[in-house]
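This report refers to the structure that appears directly beneath it.
Numbering (the working numbering), first residue to last: 3 to 730.
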């Protein structure tokens with residue numbers, strides 16, 4: 003079977019088939035609280051759970067037509083779809099799991115970015131032990147039953163049974179399982195059952211496929227079944243020359259219009275009693291609500307459901323409301339005042355009041371957003387206020403190319419860092435200043451006005467232009483408070499003292515910036531009324547040009563600078579995942595350049611890791627800032643995802659993974675920097691620790707540890723200001 007794997011893998015170069023899919027997810031237990039947060043009974047009922055926390059939370063069916071051709075052409079047309087208790091389209095994606103591939107991908111890479119080694123892979127004998135369990139005859143053909151067992155735990159390997167036909171040595175069927183000892187992430191177990199059948203010309207293809215999983219974490223006990231039935235195979239299709247385009251999955255415009263009777267006639271797998279009841283109850287509730295969705299009673303109910311406004315929430319929780327009307331809805335909110343407080347040596351204790359208002363304007367076919375900000379420093383008693391306004395539009399017609407565009411308008415008086423892309427967050431700076439006297443963040447005030455425009459095209463091209471005017475005002479330290487008085491000696495002036503000898507002179511600056519980026523080969527899912535990008539196999543290329551304009555509105559600057567970058571993530575399966583960002587740039591003209599407009603390399607001097615693949619973990623913040631004619635930089639990072647560490651006894655059970663890489667920039671022989679690092683990530687699924695060694699101008703300068711987020715959950719952590727969010 004191993005020797006015949008490649009033959010069967012390449013036997014069919016193109017095919018078409020029909021697909022019926024049924025996806026079911028249900029909870030067997032949902033606790034009253036998750037991580038201390040109570041789940042309201044009303045929310046539990048709204049997702050279909052009974053009083054014990056059990057019930058189906060998602061049930062959908064779909065009928066599709068699949069088209070594929072070697073080497074990587076694919077298109078699926080979703081003809082009809084049904085979601086219990088919803089008028090939505092569901093999400094149909096055919097999980098073609100082929101054991102004829104050496105490396106088997108299942109669902110998303112989050113389950114295991116390394117993939118899994120097939121029991122009949124070229125080197126499978128080094129990974130698996132095999133046991134013959136006997137044979138049986140089916141339609142006159144002998145089928146061998148083979149038990150497969152991983153030779154080592156904590157390798158990406160299956161366990162279970164695979165059935166091989168005698169003589170021609172093809173896969174007849176399989177019943178395989180993945181568990182935590184298979185380096186399975188997110189879910190606890192995944193069972194894969196497949197049945198192959200002949201489809202003509204000595205070709206066999208998958209007929210039935212069942213994926214069953216269970217998940218048990220944080221008191222949540224969930225299971226799911228994903229049933230795929232393939233039929234109507236055509237292994238000699240003829241496709242038009244441009245049939246395969248950037249649309250991977252296309253939903254028919256009437257995809258969710260089929261009546262229940264239709265599904266009863268085409269369904270190859272009967273519904274279970276629990277599933278029938280789920281359709282009946284949830285569809286009935288949905289239809290009732292749909293008929294009254296625009297009624298005053300329904301609108302009042304939606305508004306009332308949010309509860310009364312509690313003014314005191316503004317201090318800790320913040321306020322977030324959605325006001326419903328017959329013509330639409332409006333969102334507004336106020337962020338937590340306490341969570342957005344900060345401390346720095348210039349303003350002392352700082353309170354930030356951040357507001358938001360969002361509304362869809364029907365006449366303009368635009369989303370309107372305004373975000374006012376108010377900031378007050380208790381030590382320097384400065385009040386700053388500014389606002390950001392945006393209008394966003396997009397084409398919703400599926401017959402048009404995607405065109406999304408946004409106008410931005412900002413203005414007022416604010417506080418800015420000298421490096422506006424700095425990785426120094428207010429929270430991190432508050433902690434380092436209060437406890438160690440390390441006031442890393444350097445800021446200045448500015449009256450400003452900005453206008454910008456951005457547009458995104460379907461081919462992956464993004465274009466933006468922005469004009470910014472600033473009246474820049476220097477700020478001095480006014481507070482030296484620290485928790486431990488001895489640490490005040492560590493405080494430094496409030497300007498990039500590493501680069502300039504004294505505070506900058508007040509001045510005005512007018513800048514115009516243009517940026518173009520493209521990710522070629524962008525692929526899309528086309529729903530009946532919009533398209534969703536799902537990525538590309540090519541990297542992203544970006545080019546930025548910024549002009550400092552002199553003598554307009556009193557502007558004192560005169561320079562031209564540019565930067566070109568390439569970044570991407572490449573998955574090498576068993577060998578791990580590689581991330582990189584490389585770039586070049588420089589100043590074509592540097593006649594009048596102030597420190598704010600230098601090219602800054604994102605440094606980091608705190609124990610908390612700065613943004614990976616975009617910063618230098620041990621570099622000073624401004625010592626290397628430059629207005630040179632040319633510079634280059636590189637960020638490289640390889641995630642081994644269990645490779646090597648899964649060979650260490652006992653340690654491999656932790657599922658902590660090795661990560662290594664390097665960051666470097668080069669300006670000239672007297673100004674260059676390189677750092678190399680090695681670390682562990684996926685610690686408790688969220689943490690990452692690195693040991694870093696830095697070399698400045700060819701000489702070893704320093705070493706240190708950095709603690710950050712990394713791993714199956716930590717890799718999705720996004721930090722902005724004082725807030726942290728997780729995007730899964």
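Each residue gets a CB set at the ideal place from its N, CA and C atoms; glycine is no exception.
- Bridge-paired residues (DSSP) for residue 149: The residue given as residue 149 occupies position 147 in the chain shown. Looking at the DSSP assignment, residue 149 forms a beta bridge with 133, 163.
- Nearest neighbour of residue 527, chosen from 40, 77, 23 [CA to CA]: By 1-based counting over the chain shown, the position of residue 527 is 525. Of the candidates 40, 77, 23, the one whose C-alpha sits nearest the C-alpha of residue 527 is 77.
- Query: For residue 240, does the three-state DSSP call read helix, strand or coil?
  - Reply: Reading the chain shown from its first residue, position 238 is the one you call residue 240. Reduced to three states, the DSSP call for residue 240 is coil.
- State the start and end residues of the unbroken beta strand (DSSP E) segment that holds residue 497. Stepping through the chain shown from its first residue, residue 497 is reached at position 495. Where residue 497 is concerned, there is no enclosing beta strand (DSSP E), given that its DSSP letter is neither H nor E.
- Item | Residue environment, residue 206, which counts as buried when at least 16 other CB atoms sit within 10 Å | Working through the chain shown from its first residue, we reach residue 206 at position 204. Result: buried.
- Query: At which residues does the beta strand (DSSP E) containing residue 177 begin and terminate?
  - Reply: The residue given as residue 177 occupies position 175 in the chain shown. That run of the beta strand (DSSP E) goes 173-180.
- Task: Pull up the distance between the alpha-carbon of residue 704 and that of residue 344, whole angstroms please.
- Result: If you number the chain shown from 1, residue 704 lands on position 702. If you number the chain shown from 1, residue 344 lands on position 342. Residue 704 and residue 344: Cα-Cα distance of roughly 30 Å.
- Task: Run the CB neighbour count on residue 447, radius 10 Å, all protein chains shown included, and call it buried at 16 or more, exposed below.
- Result: Your numbering for residue 447 matches position 445 in the chain shown. By the neighbour-count rule (16 or more Cβ atoms within 10 Å), residue 447 is buried.
- Item | Buried/exposed call for residue 521, threshold 16 Cβ in 10 Å | Within the chain shown, the letter at position 519 stands for residue 521. Counting Cβ neighbours within 10 Å, residue 521 comes out buried, since at least 16 surround it.
- Message: Comparing C-alpha positions only, which one of 633, 563, 438, 406 sits nearest to residue 494?
- Response: Here residue 494 refers to the residue found at position 492 when the chain shown is read from its first residue. The shortest Cα separation from residue 494 among 633, 563, 438, 406 belongs to 438.
- Output the distance between the C-alpha atoms of residue 60 and residue 361, rounded to the nearest integer angstrom. Looking up residue 60 in the chain shown gives position 58. Looking up residue 361 in the chain shown gives position 359. Using only the alpha carbons, I get a separation of about 30 Å.
- Query: Considering only residues of the same chain and omitting the five flanking positions on each side of residue 275, which have a CB-CB separation below 7 Å?
  - Reply: Walking along the chain shown from the start, residue 275 turns up at place 273. Closer than 7 Å at the Cβ level, and outside the excluded window around residue 275, lies no residue.
- Task: Check residue 570 in the structure and name its three-state DSSP category.
- Result: The sequence position of residue 570 within the chain shown is 568, counting from 1. In this structure, residue 570 counts as strand in the three-state DSSP scheme.
- Message: List, from N- to C-terminal side, the beta strand (DSSP E) runs of 3 residues or more that fit wholly inside the stretch 24-70.
- Response: none
- Classify residue 140 as buried or exposed, calling it buried when 16 or more other Cβ atoms lie within 10 Å of its own Cβ. Taking the first residue of the chain shown as position 1, residue 140 is located at position 138. Looking at its Cβ environment, which holds fewer than 16 other Cβ atoms inside 10 Å, residue 140 is exposed.
- Which term fits residue 318, buried or exposed, when burial requires 16 or more other beta carbons within 10 angstroms of its beta carbon? Counting from 1 along the chain shown, the entry for residue 318 is found at position 316. Label assigned to residue 318: exposed.
- Roughly how many whole angstroms lie between the Cα atoms of residue 351 and residue 384? The residue labelled residue 351 in the question sits at position 349 within the chain shown. The residue labelled residue 384 in the question sits at position 382 within the chain shown. Rounded to whole angstroms, residue 351 to residue 384 spans 11 Å at the Cα level.
- Item | Whole-angstrom distance between residue 322 and residue 312, CA atom to CA atom | For this step, residue 312 is matched to residue 310 along the chain shown. For this step, residue 322 is matched to residue 320 along the chain shown. So the alpha carbons of these two residues sit roughly 11 Å apart.
- Length-filtered (3 minimum) beta strand (DSSP E) runs lying within the stretch 574-639: 579-594
- Would residue 616 count as contacting chain D if we go by Cβ distances under 8 Å? The chain labelled as chain D is not found in the depicted structure, where only one protein chain is given.
- For residue 121, is the classification buried or exposed, using 16 other Cβ atoms within 10 angstroms of its Cβ as the cut-off for buried? If you number the chain shown from 1, residue 121 lands on position 119. The residue in question, residue 121, is buried, as its Cβ has 16 or more Cβ neighbours within 10 Å.
- Whole-angstrom C-beta distance between residue 629 and residue 592, which should lie under 8 Å: Your numbering for residue 592 matches position 590 in the chain shown. Your numbering for residue 629 matches position 627 in the chain shown. Right, their Cβ atoms sit about 4 Å apart.
- Task: For the alpha helix (DSSP H) containing residue 1, list its first residue and its last residue.
- Result: Given a span of 3 to 730 for the chain in the structure shown, any question on residue 1 remains unanswerable.
- Query: Do you know whose CA, among 525, 4, 272, lies nearest residue 119's CA?
  - Reply: Working through the chain shown from its first residue, we reach residue 119 at position 117. Comparing Cα-Cα distances from residue 119 to each of 525, 4, 272, the minimum goes to 4.
- Message: Whether or not the stretch 475-488 and the stretch 419-433 are in contact is what I'm after, with contact meaning three or more pairs of Cβ atoms, one per stretch, closer than 8 Å; do they touch?
- Response: no
- Quick one: grab the DSSP three-state call for residue 183. Locating residue 183 in the chain shown gives position 181, counting from the first residue. Residue 183 falls in the helix class under three-state DSSP.
- Is DSSP giving residue 289 helix, strand or coil here? For this step, residue 289 is matched to residue 287 along the chain shown. In the structure shown, residue 289 sits in a helix (DSSP, three-state: H, G or I).
- Would you kindly report the start and end of the unbroken alpha helix (DSSP H) that includes residue 7? In the chain shown, residue 7 corresponds to position 5, counting from 1. From DSSP, the alpha helix (DSSP H) with residue 7 extends over 7-11.
- Task: To the nearest angstrom, report how far apart residue 181 and residue 73 are at their CA atoms.
- Result: Locating residue 181 in the chain shown gives position 179, where the first residue counts as 1. Locating residue 73 in the chain shown gives position 71, where the first residue counts as 1. Taking the straight line from one Cα to the other gives about 31 Å.
- How many whole angstroms separate the CB atoms of residue 214 and residue 227, which I take to be in contact at a CB cut-off of 8 Å? Position 212 of the chain shown, counting from 1, holds the residue named residue 214. Position 225 of the chain shown, counting from 1, holds the residue named residue 227. About 5 Å separates the two Cβ atoms, so the contact holds.
- Item | Exposure of residue 651, with buried meaning 16 or more beta-carbon neighbours within 10 Å | For this step, residue 651 is matched to residue 649 along the chain shown. Classification for residue 651: exposed.
- Item | Where residue 459 sits in the DSSP three-state scheme | Position 457 of the chain shown, counted from the first residue, corresponds to residue 459. Strand, per DSSP.
- Let me know if residue 481 comes out buried or exposed under the rule of 16 or more other beta-carbons within 10 Å of its beta-carbon. In the chain shown, the residue the question calls residue 481 occupies position 479. By the neighbour-count rule (16 or more Cβ atoms within 10 Å), residue 481 is buried.
- Query: Can at least three beta-carbon pairs, one atom from the stretch 13-30 and one from the stretch 232-247, be found at a separation below 8 Å?
  - Reply: yes
- Indicate the three-state DSSP secondary structure (helix, strand or coil) for residue 564 in the structure shown. Taking the first residue of the chain shown as position 1, residue 564 is located at position 562. Here residue 564 sits in strand by DSSP.
- Message: On the CB-based measure, 16 or more other CB atoms within 10 Å of its CB, does residue 536 come out buried or exposed?
- Response: Along the chain shown, read from residue 1 onward, the residue named residue 536 stands at position 534. That one is exposed.
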